[in-house]
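Numbered according to the UniProt record's numbering, the sequence shown spans residues 1 to 170.
The beta carbon of each residue, even a glycine, is placed where N, CA and C say it ideally should be.
Computed from a predicted model, the values in this text were never measured in an experiment.
A short worksheet on the structure shown next.
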Amino acid sequence: MFLLVMFSVTAPEWLLPQHVFAGSCTPTPWDEIGPFYRPNAPQRNKIGSGYLLSGTVRSSKDCSPIRGARIEVWQTARNGSYDDAHRATLFSDNQGRYRLETDYPGGYAQRPSHIHILVDVRGHQGLVTQHYPRKGDRKARFDLVLEPENDTAGAAKGRTGDLVTPGRKP
């Protein structure tokens with residue numbers, strides 16, 4: 001126990017086992033939807049190879065996994081352009097887990113490499129966020145923590161309503 005506590009005080013969060021932070025379940029920060037979102041991406045969990053993004057969709061209320069969350073992703077190809085080949089819709093499994101195999105996203109004019117993510121599930125506020133891969137990594141864990149619909153703090157921040165309006169700010 002002492003080693004885990006000492007390690008958690010000195011180590012970056014991304015190095016620690018996920019259960020170390022399971023008690024807090026801070027909602028995933030919002031990010032811009034950007035101008036390239038298009039609804040109804042094909043249902044698939046592979047849109048390339050060389051980079052694996054996985055994680056668990058959880059409720060901020062009690063950290064419980066959320067099954068059946070609809071997750072839409074879109075990103076640039078390696079050349080930095082958006083295309084239909086790099087769009088997907090996937091769903092979290094019974095334990096709230098998701099897994100996406102993709103290409104490492106290409107960067108473009110003054111933007112770091114990133115993967116756009118939109119999450120929607122009954123009983124929770126939708127989420128628009130982005131994952132920023134670390135240069136050289138071939139995989140990452142990115143948990144998606146959603147606020148319950150009845151969370152008035154989230155609603156006060158403007159996190160309800162139409163998620164798919166390009167350029168919408170939370």
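Beta-carbon separation of residue i and residue j under 9 Å?
i, j, result
"Leu100", "Val73", "yes"
"Pro65", "Arg97", "yes"
"Arg141", "Ser54", "yes"
"Val128", "Ser92", "no"
"Asp103", "Arg67", "no"
"Cys25", "Asp84", "no"
Pick from the options: whose alpha carbon is nearest that of residue i?
i, options, result
"Asn94", "Phe142, Thr56, Leu127 and Tyr82", "Thr56"
"Pro29", "Cys63, Val145 and Asn150", "Val145"
"Leu90", "Ala77, Ile71 and Arg78", "Ile71"
"Ala41", "Val119, Ser113 and Pro112", "Val119"
Enumerate in chain order the residues of its own chain whose CB-to-CB distance from residue i is below 7 Å, with the five nearest sequence positions on each side excluded.
i, result
"Gly123", "Pro148 and Glu149"
"Gly80", "Gly106, Gly107 and Tyr108"
Can you give the Cα-Cα distance for residue i and residue j, rounded to whole angstroms?
i, j, result
"Ile115", "Ala88", "11 Å"
"Arg44", "Glu32", "23 Å"
"Arg138", "Arg58", "24 Å"
"Arg111", "Ile117", "16 Å"
"Pro27", "Ala69", "15 Å"
"Gln130", "Asp143", "12 Å"
"Lys135", "Pro39", "29 Å"
"Ser60", "Gly34", "25 Å"
Within a Cβ cutoff of 6 Å, which residues of the same chain sit near residue i, ignoring the five residues on either side of it in sequence?
i, result
"Gln75", "His86, Pro105 and Ile115"
"Lys46", "Glu101"
"Ser113", "Pro105, Gly107 and Pro133"
For residue i, I'd like the list of residues in its chain whose CB is within less than 8 Å of its CB, leaving aside the five on either flank, ordered along the chain.
i, result
"Tyr82", "Phe36, Trp74, Gln75 and Thr76"
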